[in-house]
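Just so we're aligned, residue 51 is where the sequence shown starts under the working numbering, counting upward by one.
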Amino acid sequence: MENTKIKWTMADGRYIPSLGLGFWQVSKEDAARVVKEGYEVGYRHFDTAIAYDNETEIGEGLAALPCPREEVFVTSKIPAQIKSYEEAKKAIDESLDRLGLDYLDLMLIHAPKPWSEMRDPNKPYRYEKENAEVFKAMIEAQKEGKIKSIGVSNFTVSDLESLIEKTGVVPAVNQIPCYIGHIEEDVFAFCKERRILIEGYSPLATGQLVDLPAIKELAKKKGVTIPQLCIRFVYQLGALPLPKTTHKEYMESNAKIDFAFTPEEMEFLKGVAFTRVPGKKK
Ligand SMILES: NC(=O)c1ccc[n+]([C@@H]2O[C@H](COP(=O)([O-])OP(=O)(O)OC[C@H]3O[C@@H](n4cnc5c(N)ncnc54)[C@H](OP(=O)(O)O)[C@@H]3O)[C@@H](O)[C@H]2O)c1
Numbered sequence: 051m052e053n054t055k056i057k058w059t060m061a062d063g064r065y066i067p068s069l070g071l072g073f074w075q076v077s078k079e080d081a082a083r084v085v086k087e088g089y090e091v092g093y094r095h096f097d098t099a100i101a102y103d104n105e106t107e108i109g110e111g112l113a114a115l116p117c118p119r120e121e122v123f124v125t126s127k128i129p130a131q132i133k134s135y136e137e138a139k140k141a142i143d144e145s146l147d148r149l150g151l152d153y154l155d156l157m158l159i160h161a162p163k164p165w166s167e168m169r170d171p172n173k174p175y176r177y178e179k180e181n182a183e184v185f186k187a188m189i190e191a192q193k194e195g196k197i198k199s200i201g202v203s204n205f206t207v208s209d210l211e212s213l214i215e216k217t218g219v220v221p222a223v224n225q226i227p228c229y230i231g232h233i234e235e236d237v238f239a240f241c242k243e244r245r246i247l248i249e250g251y252s253p254l255a256t257g258q259l260v261d262l263p264a265i266k267e268l269a270k271k272k273g274v275t276i277p278q279l280c281i282r283f284v285y286q287l288g289a290l291p292l293p294k295t296t297h298k299e300y301m302e303s304n305a306k307i308d309f310a311f312t313p314e315e316m317e318f319l320k321g322v323a324f325t326r327v328p329g330k331k332k
């Protein structure tokens, strides 16, 4: 359980529990139970988004926890298609309302562009001015005490450079995909330089890595499960892993990553070829 208790530092100097529980594709029916069971096995960091459509139920789960508010760390995200100051302000207030919280520990811009445009080479518009407007609403909410830390997700180096240049504020984190076969080296290098914490999402490639033959032998040698190997790999790269599961036994085992890879083992894992199948859940 130790890795759920260790804290890392974000670019704004605030602390964040170094392992979080992801809530993408956690149904409304499951969300409150997942908060409760996650808490019971040691998680103190819960990662959701307005787009996940489970904030109300997560809020119910949080309200029932036997701990003070400060003991848990809650992240949400402003939807990728929200690109104006006014809409962002409203989204923040509505998110807090649904979660039943006075403040969010971390709020992110979910993506630099609306999802429909993210991977479409025919849609080159970069939303630089608009992202700065959304970030200004977040900076203001931070001053009002509604959000403790503000960050981004799925930002490239040029998205980050533009946001910092336009607002004068360095995002506390950048939440990006990070798993065996997918390491965004340029973003890692830029974030390291600016002390922006990288949160690594989909550490199991949305479940697609759990049967990968190429990593079975190393997992066996280390005496760990493949999910533990994948999550530790992200952690040891220096990115904060955000695994998702609705099963309590997986929540518990996924958090047991207090083992270490040798530099040679890390090099081996960095070289494993794996391509995620888009759209496939598992
Ligand atoms: N910012 C963004 O744009 C963004 C995008 C994607 C994800 N995220 C965040 O990152 C989190 C994690 O990413 P993800 O949801 O893509 O998935 P993931 O954590 O890479 O993989 C989750 C999948 O693996 C399965 N799984 C988990 N632990 C397992 C274990 N020990 N043994 C076997 N199967 C296991 C889960 O199944 P069960 O649930 O059935 O156990 C689920 O199908 C999200 O929930 C979200 O919070 C953010």
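Even glycine gets a Cβ: it sits at the ideal position worked out from N, Cα and C.
Since this is a predicted model, take the numbers as computed values, not measurements.
With distances taken from CA atoms, which of F309, Y300, L247 is nearest L71? Reading the sequence shown from its first residue, position 21 is the one you call residue 71. When only C-alpha atoms are compared, the closest one is Y300.
Does the beta carbon of Y285 fall short of 7 Å from some heavy atom of ligand 1? For this step, residue 285 is matched to residue 235 along the sequence shown. No, ligand 1 has no heavy atom inside 7 Å of this Cβ.
So the beta strand (DSSP E) I248 belongs to, where does it begin and stop? In the sequence shown, counting from the first residue as 1, residue 248 sits at position 198. Note, I248: beta strand (DSSP E), 247-251.
Considering only DSSP beta bridges, list what Q225 is partnered with. Numbered from its first residue, the sequence shown carries residue 225 at position 175. In the DSSP output, where bridge partners are listed per residue, Q225 has S203, E249.
Please state whether the Cβ-Cβ distance between K139 and L158 is less than 8 Å. If you number the sequence shown from 1, residue 139 lands on position 89. If you number the sequence shown from 1, residue 158 lands on position 108. Their beta carbons are not under 8 Å apart, which means K139 does not touch L158 by this criterion.
Contact check, A81 vs N104, beta carbons under 8 Å: Here residue 81 refers to the residue found at position 31 of the sequence shown. Here residue 104 refers to the residue found at position 54 of the sequence shown. Yes.
Considering only the beta carbon of each residue, do K242 and E180 sit closer than 8 Å? Indexing the sequence shown from 1 puts residue 242 at position 192. Indexing the sequence shown from 1 puts residue 180 at position 130. In this structure, K242 keeps its C-beta atom at 8 Å or more from the C-beta atom of E180.
On the DSSP bridge assignment, give the partners of H232 in chain order. Locating residue 232 in the sequence shown gives position 182, counting from the first residue. Per DSSP, Y229.
Coarse secondary structure for P293, derived from DSSP in three states: Taking the sequence shown and counting its residues from 1, one reaches residue 293 at position 243. Of the three classes helix, strand and coil, the one that applies to P293 here is coil, per DSSP.
Provide the residue(s) that pair with V124 in DSSP beta bridges, ordered along the chain. Reading the sequence shown from its first residue, position 74 is the one you call residue 124. Paired residue(s): F96.
Quick one: grab the DSSP three-state call for P67. Here residue 67 is taken as the residue at index 17 of the sequence shown, counted from 1. Three-state DSSP puts P67 in a strand.
Is there at least one non-hydrogen atom of ligand 1 closer than 7 Å to the beta-carbon of Q192? In the sequence shown, residue 192 corresponds to position 142, counting from 1. In this structure, Q192 has its CB at a distance of at least 7 Å from all heavy atoms of ligand 1.
Taking 8 Å as the threshold (C-beta atoms), are V184 and Y153 in contact? On the sequence shown, residue 153 is found 103 positions in, with the first residue counted as 1. On the sequence shown, residue 184 is found 134 positions in, with the first residue counted as 1. In this structure, V184 does not lie closer than 8 Å to Y153 by Cβ.
Going by the C-beta, is H11 closer than 7 Å to any heavy atom of ligand 1? Here the chain comprises residues numbered 51 to 332, so residue 11 is not present and cannot be evaluated.
Distance cut-off 7 Å: F123 Cβ against heavy atoms of ligand 1: As a working note, residue 123 is residue 73 in the sequence shown. Result no, Cβ not under 7 Å from ligand 1.
Any idea what DSSP makes of T217, helix, strand or coil? By 1-based counting over the sequence shown, the position of residue 217 is 167. Correct three-state label for T217: helix.
Rounded separation between S203 and E314 - CA only: Within the sequence shown, the letter at position 153 stands for residue 203. Within the sequence shown, the letter at position 264 stands for residue 314. Distance between the alpha carbons of S203 and E314 is about 30 Å.
How many angstroms separate the CA atom of V220 from the CA atom of F238? Walking along the sequence shown from the start, residue 220 turns up at place 170. Walking along the sequence shown from the start, residue 238 turns up at place 188. C-alpha separation (whole angstroms): 15 Å.
Got a sec? Which residues, its chain only, sit under 6 Å from P164 by beta carbon, not counting five neighbours each side? For the purposes of this step, residue 164 is taken as the residue at position 114 of the sequence shown. These residues qualify, in order along the chain: A130, Q131.
Starting from I142, follow the alpha helix (DSSP H) in both directions and report where the run begins and ends. The residue labelled residue 142 in the question sits at position 92 within the sequence shown. Here the alpha helix (DSSP H) through I142 covers 135-149.
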